[in-house]
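Here the structure comes first, spelled out in structure tokens, and everything after it is commentary.
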Amino acid sequence: MRIPLIIVAIIALAALIGPFLLPWGHAAIDWDYVRAGAFEGGHILGTDDLGRDRLARLLVGTRITMTVALAAALVALVIGVIWGAIAGWMGGRTDEVMMRIVDGLYALPFMFVVILLMVVFGRSILLVFIGIGAVEWLTMARVVRGEVMALKQRPFVLAAEAAGSSGTRTLIRHILPNIGPVAIAYLMLTVPQVVMVESFLSFLGLGVQEPLTSLGILVNEGAEEMDVRPVGLLLPGGILVTIIVCLTLAGERWRDRLTGTGRAKASG
Amino acid sequence: MTRLILRRLMTAIPTLLAIIMLSFILMRIAPGGPFDGERPLAPETRAALESAYGLDKSLPEQLLQYLANILTGDFGPSLVYRDFTVTELVAQSLPISLLLGGLALVLATLIGISAGLFAAWRAGKWQDEAIMLGATILTALPTFVTGPLLALIFGLWFGWLPVSGQGEGLRWLILPVVALSLPIAGAIAKLARAGLAGQLGLDHIRAARGRGIAPLTILRRHALRPALIPVASYLGPAAAGLLTGAVVIETVFGLPGLGRYFVQGALNRDYPLVLAVVTLYASLIILFNLFADLIYGWLDPRMRGEQ
Chain D
37 MRIPLIIVAI
47 IALAALIGPF
57 LLPWGHAAID
67 WDYVRAGAFE
77 GGHILGTDDL
87 GRDRLARLLV
97 GTRITMTVAL
107 AAALVALVIG
117 VIWGAIAGWM
127 GGRTDEVMMR
137 IVDGLYALPF
147 MFVVILLMVV
157 FGRSILLVFI
167 GIGAVEWLTM
177 ARVVRGEVMA
187 LKQRPFVLAA
197 EAAGSSGTRT
207 LIRHILPNIG
217 PVAIAYLMLT
227 VPQVVMVESF
237 LSFLGLGVQE
247 PLTSLGILVN
257 EGAEEMDVRP
267 VGLLLPGGIL
277 VTIIVCLTLA
287 GERWRDRLTG
297 TGRAKASG
Chain R
906 MTRLILRRLM
916 TAIPTLLAII
926 MLSFILMRIA
936 PGGPFDGERP
946 LAPETRAALE
956 SAYGLDKSLP
966 EQLLQYLANI
976 LTGDFGPSLV
986 YRDFTVTELV
996 AQSLPISLLL
1006 GGLALVLATL
1016 IGISAGLFAA
1026 WRAGKWQDEA
1036 IMLGATILTA
1046 LPTFVTGPLL
1056 ALIFGLWFGW
1066 LPVSGQGEGL
1076 RWLILPVVAL
1086 SLPIAGAIAK
1096 LARAGLAGQL
1106 GLDHIRAARG
1116 RGIAPLTILR
1126 RHALRPALIP
1136 VASYLGPAAA
1146 GLLTGAVVIE
1156 TVFGLPGLGR
1166 YFVQGALNRD
1176 YPLVLAVVTL
1186 YASLIILFNL
1196 FADLIYGWLD
1206 PRMRGEQ
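Chains as they are written, first to last, in our numbering: chain D, 37 to 304; chain R, 906 to 1212.
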């Protein structure tokens, strides 16, 4: 579990600091070196058709993809935890209705709802992650609800209630903190999902818009010139896949460790 | 059985209605319209166009009119491809998408189930670990990376297969179908492995083993069907995954399928086209979920009563 996380951390760090170390911005045009090859005029990866430094674009694209992913996953986390906690805590009819809604939403063709949202509300980066976050919270809500229902029966919660703790107080002070580990595991699994959705949208031209860039846009650009310059596809694609795979692996490990399914599977 | 199907269809209608209404309203409150070209139209021309397409009526009226039309199979004229009705466009592109998606689903199921069963059989050994790692990586690979990558390797570098369009024969289908099926195959492999591993630990299977029954016979007669239940429950999400994947794959490989029209329609604000595709997608997903329920009943007789 540690190695995938270290790899993601290195990529994140490079995307965060890297652009400051380069003399060019991701949108700056170097008229003397349009379509430069690697290392020409100091451009380590060369420049694209518009004379923009490819390395700067790659780093900034990675940064934006990761920022959007984190922000959208947090939106999903907040909605999911609130929804799931209320459903699990209230139980009965409320729970029934809230979970039916989640089931119903699961059956929707989500990607298309997100695309509709993007079309309707204009393609601003803020709306990209709110839109994605607003549709990726379902699994989180289900998991949190299950956890809350289980915790509700635990002796320490009953003890808190016996000691006169009010319902809201018990939920916030005693139950929510205990959801932490599981919520983080699913947050880790949500991030790669969101990375995929964001890049998918950007790849189709419906997500992040120029002059901003993201890994999805870079993959799209790379795919168009892959016959002459395969690196343009391989680099952003490689980074994207690495992020998704590493986070998925780490998230699954963590989840399995928490729920014990990993061990159960191995012995079965 | 018939009652189950009927009941499912009854619940499917409100879901479909909700989706249609939601997307209808979303498309209408969107800024920018289909007649916003580079040159502004003369007000009279604009009014004439809007009344010709019924866009001058109130929203509820338009919605009702639209629903009534859908029932007769009329999805209206395309606002961008002006010589075609949406029904014609869908009729042209749907077969390509169905062929692509259908073949990808079959391929993914075959690869996924066999890999998953093999992994469960070797549970805890290195083959298991390797297959599960591979499956995780496959599920994590986005189609918009694998698509161009496969085209690059097998199309451009080796030159074995066509990279875009629909050439002669069926060779053009190979790369798109493979690219589309990979993530689904990974997910199915994981589910099949988990399903079978869970079964193998059960008492009746261990008893059968103890009596010296051949592993393949145990698999075929006792373990396989219940082990595949998680796979069946994945059919709905798989359909959704195939549809979204197809959007990318059709764009990457330049195939005139439904997904490509959807993206074009969304970019051009071709309301009738986008609405028709969303409706169609939602129906397909609902259909697949129903199909999954029927397969449940076949896999696990206990569920027949409950349904």
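C-beta: ideal position from N, C-alpha, C; glycine also.
What residues of chain D sit near residue i, judged by a beta carbon separation below 7 Å?
i: ALA1171 (chain R); result: ILE151, VAL155, LEU242
i: ILE1042 (chain R); result: VAL281
Find out if the Cβ-Cβ distance for the pair residue i, residue j is shorter than 9 Å.
i: TRP173 (chain D); j: ALA112 (chain D); result: yes
i: VAL155 (chain D); j: LEU927 (chain R); result: no
i: ILE100 (chain D); j: ILE161 (chain D); result: yes
i: LEU240 (chain D); j: VAL1153 (chain R); result: yes
i: PRO1177 (chain R); j: GLY978 (chain R); result: no
i: LEU972 (chain R); j: ILE925 (chain R); result: yes
i: VAL255 (chain D); j: GLY243 (chain D); result: no
i: GLU257 (chain D); j: ASP89 (chain D); result: no
i: ALA259 (chain D); j: GLY1060 (chain R); result: no
i: ALA1151 (chain R); j: GLY1141 (chain R); result: no
i: LEU1085 (chain R); j: THR1048 (chain R); result: yes
i: LEU999 (chain R); j: GLY1162 (chain R); result: yes
i: LEU283 (chain D); j: LEU251 (chain D); result: no
i: TYR222 (chain D); j: VAL171 (chain D); result: no
i: ALA1197 (chain R); j: ALA1137 (chain R); result: yes
i: LEU1054 (chain R); j: LEU237 (chain D); result: no
i: SER983 (chain R); j: ASP1175 (chain R); result: yes
i: LEU1022 (chain R); j: ARG1098 (chain R); result: yes
Could you list which residues in chain D have their beta carbon closer than 9 Å to that of residue i, in chain order?
i: LEU1057 (chain R); result: ALA259, MET262, ASP263, PRO266, LEU269, LEU270
i: SER928 (chain R); result: PHE148, VAL149, LEU152
On a Cα-Cα basis, can you pick out the residue from the options that is closest to residue i?
i: LEU968 (chain R); options: R:ALA996, R:LEU1003, R:LEU1087, R:LEU922; result: R:LEU922
i: VAL859 (chain R); options: D:GLN189, D:GLU288, D:LEU153; result: Examination of residue 859 (chain R) is not possible in this model, given that chain R is present from 906 through 1212 alone.
i: ALA1144 (chain R); options: R:HIS1109, R:THR1122, R:THR1156, R:TYR1186; result: R:TYR1186
i: ILE208 (chain D); options: D:LEU294, D:LEU225, D:LEU187, D:MET224; result: D:LEU187
i: ILE1036 (chain R); options: R:ASP1205, R:PHE929, R:ILE1093, R:LEU1129; result: R:ILE1093
i: LEU1096 (chain R); options: R:GLN1169, R:LEU911, R:LEU1148, R:SER1019; result: R:SER1019
i: LEU225 (chain D); options: D:ALA286, D:PHE236, D:LEU141; result: D:ALA286
i: ILE46 (chain D); options: D:LEU95, D:GLY61, D:ASP68, D:ILE65; result: D:LEU95
i: GLY1006 (chain R); options: R:PRO1081, R:LEU1192, R:VAL1168, R:ARG951; result: R:PRO1081
i: LEU1003 (chain R); options: R:PRO945, R:THR1149, R:PRO1206; result: R:THR1149
i: THR916 (chain R); options: R:LEU1204, R:ILE1200, R:ARG1207, R:SER1188; result: R:SER1188
In chain R, what lies closer than 8 Å to residue i by C-beta?
i: ILE280 (chain D); result: ALA1045, LEU1046, PRO1047
i: PHE165 (chain D); result: Within chain R, no residue comes near PHE165 (chain D); the closest Cβ sits about 18 Å away, beyond 8 Å.
i: GLU197 (chain D); result: Correct list: empty, because the minimum Cβ distance to chain R is about 35 Å.
Using DSSP with H/G/I as helix, E/B as strand and the rest coil, what is residue i?
i: PRO1135 (chain R); result: helix
i: ILE313 (chain D); result: No statement about residue 313 (chain D) is possible, as the shown extent of chain D runs from 37 to 304 and does not include it.
i: ARG908 (chain R); result: helix
i: ARG88 (chain D); result: strand
i: ILE1118 (chain R); result: coil
i: PRO228 (chain D); result: helix
i: PRO948 (chain R); result: helix
i: PRO982 (chain R); result: strand
i: THR977 (chain R); result: coil
i: THR83 (chain D); result: strand
i: THR990 (chain R); result: strand
Once the 5 residues before and after residue i are set aside, which same chain residues still bring their CB inside 6 Å of it?
i: GLY1091 (chain R); result: ALA1040, LEU1043, THR1044
i: ALA1132 (chain R); result: GLY1100, LEU1101, GLN1104
i: ARG181 (chain D); result: GLY120, ALA123, GLY124
i: PRO247 (chain D); result: ALA63
Starting from residue i, find everything on chain D with Cβ-Cβ shorter than 8 Å and list it in chain order.
i: ARG1174 (chain R); result: VAL155
i: LEU968 (chain R); result: Here the premise fails: no neighbours, minimum Cβ distance about 16 Å.
i: THR1122 (chain R); result: Simply none; closest approach about 20 Å.
i: VAL991 (chain R); result: Correct list: empty, because the minimum Cβ distance to chain D is about 16 Å.
i: VAL1157 (chain R); result: ALA259
Beta-carbon within less than 8 Å of residue i's beta-carbon, same chain only, minus the 5 sequence neighbours each way: which residues are those?
i: MET232 (chain D); result: ILE280
Give me, in chain order, the residues of the same chain whose beta-carbon lies closer than 7 Å to that of residue i; leave out the 5 immediate sequence neighbours on both sides.
i: ALA300 (chain D); result: Low confidence applies to ALA300 (chain D): its pLDDT is 40, below 50, so where it sits in the model is not reliable, and the reading given next is rough at best. Cβ neighbours of ALA300 (chain D) beyond the five flanking positions: none.
i: ILE43 (chain D); result: THR278, CYS282
i: LEU58 (chain D); result: ASP89, LEU91, ALA92
i: ARG1027 (chain R); result: ASP1033
i: LEU964 (chain R); result: ARG933
i: TYR1166 (chain R); result: LEU994, SER998, LEU1178, VAL1182
i: VAL218 (chain D); result: VAL179, GLU183, LEU294
i: ALA48 (chain D); result: MET102
Applying a beta-carbon distance threshold of less than 9 Å, which residues of chain R neighbour residue i?
i: SER235 (chain D); result: PRO1047, PHE1049, VAL1050
i: GLU288 (chain D); result: THR1041
Mind pulling the chain R residues with CB within less than 7 Å of residue i?
i: GLY273 (chain D); result: VAL1050, LEU1054
Report the residues of the region 967-987 of chain R with a CB closer than 8 Å to any CB of chain B, ordered along the chain.
-> No chain B is present in this structure, whose protein chains are D and R.
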